[in-house]
Amino acid sequence: MKPIKEEIPILKYMAYLLSFLSIVVIILPFFINAPFELNNSNGFGAYLGLITGLAGVIVTITVFLIQNASQDYSSQLVRMTFFKQKYFGFILGYIFFSLILYTFGTSFEVINQVKVFAFFVSVGLVFNFISLLLISSYFMNVLNVIKEIESKTTDYIKFKAQAKSLPLIGKINLNEISTTKIINQIRPIFDTLNKSVALNQDDVSTQCLNSLNKIIRTYLKETSSFKSLDDKILLELADQSSFIVKTMIKYENQKFMDKFPLFLGDIGSYVLEYRYNVGGVNNHAISISRLLVDIFIKCYKFDRTSAPKHAISGISKLVKKCIQKEYYQSTSTYYYDIKEIMELCARNPSFWSANLIQYALNDIKDINDLLHHLKVAVSF
């Protein structure tokens, strides 16, 4: 799959910079040799009155952000990114501190140094207000939200895998809690993908597929010693993929039809690369192959999509990976999938069917040439 060009998150970095400046601003009074005088007797209330006003605006912005994000996509996207970021907790803490200072200042007769400090706190709050506007704008773009979830999920997987590595044993399985958390993190991406397919939003669906590709590859690679057949994350992938296929057929999203078989072919290849096989057979890879056959059958009637060809390529990719891993006997399992596709084409004589049969035969020839080159006494 062609990845989306990576862009530098300028808004995000500018927001971080402003939050950092707000810290510098409130520390600054402690390093001023001759604090200036605030001659206005109402200065304290005026400066800290600004705090409560901006606090209300900040709350309004966050509520608007949640409502806007949940209109077209899952509201979990915002909850998983915006409210779990450290800068948001920092801004809330800053507001809380400012309100305490405001209460203290209005209840007691304050000295000039406190007035000066309150002034700088107000300036810092303005910085945080602008910072929140920038970061809100950043997260209003659903592509950025998906990237944030991807980054945090892959980092979490690597952290858990490294934390569970033992010197003599190597990597061991993630526990039940870790697996459940990973599933909860990727479900909003699947939900967004499903919705973007229905809305025909090509850029969003492409980013979702790229992020899922990276997350699942990282998970499989970091847990390569996992030998259980009951892999909940791969089972979740299979279930969600079935729903997505139904959506793309229902809304006849032919652009997405071209991409999804390629995505499944990549995932199947990763499964064969990093997962244990019982008797040379990988049930998760077989499940993906069957799903590719299902995509071929359902997309066969559409004449403006390359999905049938990509489905054939995906199955062929699984066969070649089996050969590379020396799972020669398992090639027969995928042969029946190719055979089913060719029989379907044979029952519907047309130029399109003939073209697909030729495409499948070319792949079979490449596979047999590979087997012959490796001098393996198995034919496909």
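Position one of the sequence shown corresponds to residue 837 (the numbering used here), numbered consecutively onward. For glycine and all other residues, C-beta sits at the position ideal for the given N, C-alpha and C.
- Taking the Cα positions, L968 is about 39 angstroms away from K1082.
- With respect to the 7 angstroms criterion, V1040 and V978 are classified as neighbours on the basis of their beta carbons.
- Going by C-alpha positions, F1096 is about 19 angstroms away from D1199.
- With contacts defined as CB atoms closer than 7 angstroms, I993 and Y1087 fail to qualify as a contacting pair.
- DSSP, read as helix, strand or coil, puts L969 in helix.
- Counting C-beta pairs with one atom in each stretch, the region 1042-1057 and the region 1101-1111 have three or more that are closer than 8 angstroms, which means they touch.
- Out of M1093, A1182, I1018, R1023, the CA that lies nearest to the CA of T1042 is found in M1093.
- Taking L1154 as reference, the option from E1058, V893, Y930, L1128 with the minimal CA-CA separation is L1128.
- Per DSSP, the continuous alpha helix (DSSP H) segment holding Y1171 begins and ends at 1167-1182.
- Judged by DSSP secondary structure, D1199 falls within the alpha helix (DSSP H) whose first and last residues are 1187-1209.
- Judged by DSSP secondary structure, Q1043 falls within the alpha helix (DSSP H) whose first and last residues are 1038-1058.
- In the DSSP assignment, N1119 falls within the unbroken alpha helix (DSSP H) covering 1119-1135.
- Per DSSP, D1067 lies in no alpha helix (DSSP H) and is assigned neither H nor E.
- K1017 and Y930 have their C-alpha atoms spaced approximately 30 angstroms apart.
- Per the coordinates, the alpha-carbon of K1068 lies some 45 angstroms from the alpha-carbon of L961.
- Between V981 and I862, the CB-CB gap reaches or exceeds 7 angstroms.
- Three or more Cβ pairs drawn from the region 1181-1201 and the region 1143-1161 lie within less than 8 angstroms of each other, which places the two stretches in contact.
- Of the residues assessed, H1120 falls on the buried side of the cut-off, its CB having 16 or more other CB atoms within 10 angstroms.
- Shown here, P845 sits in coil according to DSSP, grouped into three states, outside any helix or strand.
- For K1161, there is no enclosing alpha helix (DSSP H), as DSSP marks it with neither H nor E.
- A straight line joining the alpha-carbon of N1046 with that of Q1076 spans about 16 angstroms.
- In the DSSP assignment, D1139 falls outside any alpha helix (DSSP H) and carries neither an H nor an E.
- DSSP, reduced to helix, strand and coil, places N1020 within a helical segment of the structure shown.
- Residue environment analysis places Y1170 among the buried positions, since at least 16 neighbouring C-beta atoms fall within 10 angstroms of its C-beta.
- When the alpha-carbon of L1098 is set against those of S1186, S1125, K1134, D991, the nearest one is in S1125.
- Annotated three-state conformation of Y852 is helix, per DSSP.
- Between G1101 and H1146, the alpha-carbon positions lie close to 9 angstroms from each other.
- Put simply, the backbone Cα of F932 is about 10 angstroms away from that of F926.
- In the three-state scheme derived from DSSP, where H, G and I count as helix and E and B as strand, S958 is classed as helix.
- Secondary structure note for Y1110: its alpha helix (DSSP H) is the uninterrupted segment 1090-1110.
- The beta carbons of E1072 and I1019 sit about 5 angstroms from each other, so the pair counts as a contact at 8 angstroms.
- S1168 and C1181 do not touch by the CB rule: their CB atoms are close to 21 angstroms apart, not below 8 angstroms.
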